[in-house]
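Below you'll find the structure, written out as structure tokens, and then a few comments.
In the numbering used here, the protein residues as written are 1465 to 1767.
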């Protein structure tokens, strides 16, 4: 897990953020930013840059290399600090709370605002950069792609999807976005994969999920990564979350991805609740009904 940078935010001064922003600007063009470019990028004198480098290095906000030339790049914590400062300046958040979830591609924390909200830091490309670059179409055409860019693009895509879908679809309410971070409403309930449904609830909950997928398709998006790990179940209903891989319905592979999503979620219910599920589901007919926004129940697709 990446270190929580919130604890050092109060120690940082405006000029420290000028340096971090200067490094960020340089990383648009190369992985390591030449020391000689930092005064211009940050708008500070060489002497001030030296002082700020020491402060940011001590707090693990930047890294240094000295082979071939002296260069610097942001750490994940340094990028987190820039996003947190922006949210604070916008008065989007006033406090930072406990972790809500840690995954391979994101860290989620509770934050304080007008009410408790969730802050999601995207981590795509940080630990599995080659795999993510190969799989995500927003990185495939770029020669120089850093993990900062990959994570930022994932956050942009997810936030765009949430803004389009909410409130027509049961997704987290988007509040704010900056760099690789999103502020959104907290999820109600627990992950579907961790829930144990009563027998009489099984088909009804699956129908709720499929109905939300139909509403999302009608609104213009396919989730493209549906599983029991990105559906939350509560007494109020279900919420579908984690939308960074979402594709618009006019995408060449949208229908194929929708069919995969349908099969993934239905097969999960079939594995966990075999006795409660209808027999011999016609997945093609079920996908067609969802795409046409004519879905009523998974039972209708049973042959």
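Just so it is clear, CB atoms sit at the ideal spot from N, CA and C, and this is done for glycine as well.
Between the CA atoms of residue j and residue i - distance to the nearest angstrom
i: residue 1593; j: residue 1585; result: Its pLDDT being 45, under 50, residue 1593 is placed unreliably in this model, and the value from its coordinates should be taken loosely. One C-alpha to the other measures close to 16 Å.
i: residue 1477; j: residue 1551; result: 16 Å
i: residue 1700; j: residue 1676; result: 14 Å
i: residue 1763; j: residue 1656; result: 20 Å
i: residue 1735; j: residue 1704; result: 20 Å
i: residue 1529; j: residue 1645; result: 27 Å
i: residue 1563; j: residue 1678; result: 32 Å
i: residue 1688; j: residue 1515; result: 47 Å
i: residue 1755; j: residue 1719; result: 8 Å
i: residue 1539; j: residue 1730; result: 40 Å
i: residue 1707; j: residue 1474; result: 32 Å
i: residue 1575; j: residue 1615; result: 20 Å
i: residue 1634; j: residue 1740; result: 25 Å
i: residue 1568; j: residue 1587; result: 7 Å
i: residue 1696; j: residue 1467; result: 26 Å
i: residue 1658; j: residue 1610; result: 34 Å
i: residue 1724; j: residue 1690; result: 8 Å
Residue nearest to residue i in terms of C-alpha spacing, selected from the options
i: residue 1518; options: 1483, 1552 and 1500; result: 1483
i: residue 1556; options: 1740, 1535 and 1648; result: 1648
i: residue 1652; options: 1539, 1745 and 1698; result: 1698
i: residue 1507; options: 1521, 1531 and 1481; result: 1481
i: residue 1667; options: 1689, 1625 and 1738; result: 1738
i: residue 1525; options: 1489, 1546 and 1505; result: 1546
i: residue 1694; options: 1663, 1662 and 1732; result: 1732
i: residue 1640; options: 1622, 1632 and 1634; result: 1622
i: residue 1537; options: 1553, 1520, 1472 and 1724; result: 1520
i: residue 1671; options: 1654, 1630 and 1702; result: 1702
i: residue 1479; options: 1469, 1496 and 1502; result: 1502
Coarse secondary structure for residue i, derived from DSSP in three states
i: residue 1736; result: helix
i: residue 1510; result: helix
i: residue 1528; result: strand
i: residue 1564; result: strand
i: residue 1655; result: strand
i: residue 1747; result: helix
i: residue 1635; result: coil
i: residue 1661; result: coil
i: residue 1590; result: coil
i: residue 1538; result: strand
i: residue 1677; result: helix
Outcome for residue i when other beta-carbon atoms lying within 10 angstroms are tallied against a minimum of 16
i: residue 1578; result: exposed
i: residue 1533; result: exposed
i: residue 1570; result: buried
i: residue 1717; result: exposed
i: residue 1565; result: exposed
i: residue 1509; result: exposed
i: residue 1559; result: exposed
i: residue 1522; result: exposed
i: residue 1757; result: exposed
i: residue 1743; result: exposed
i: residue 1488; result: buried
i: residue 1471; result: exposed
i: residue 1573; result: buried
i: residue 1686; result: buried
i: residue 1643; result: buried
_Touching by the beta-carbon criterion (3+ pairs, under 8 Å), the stretch 1659 to 1666 and the stretch 1744 to 1764_ = no
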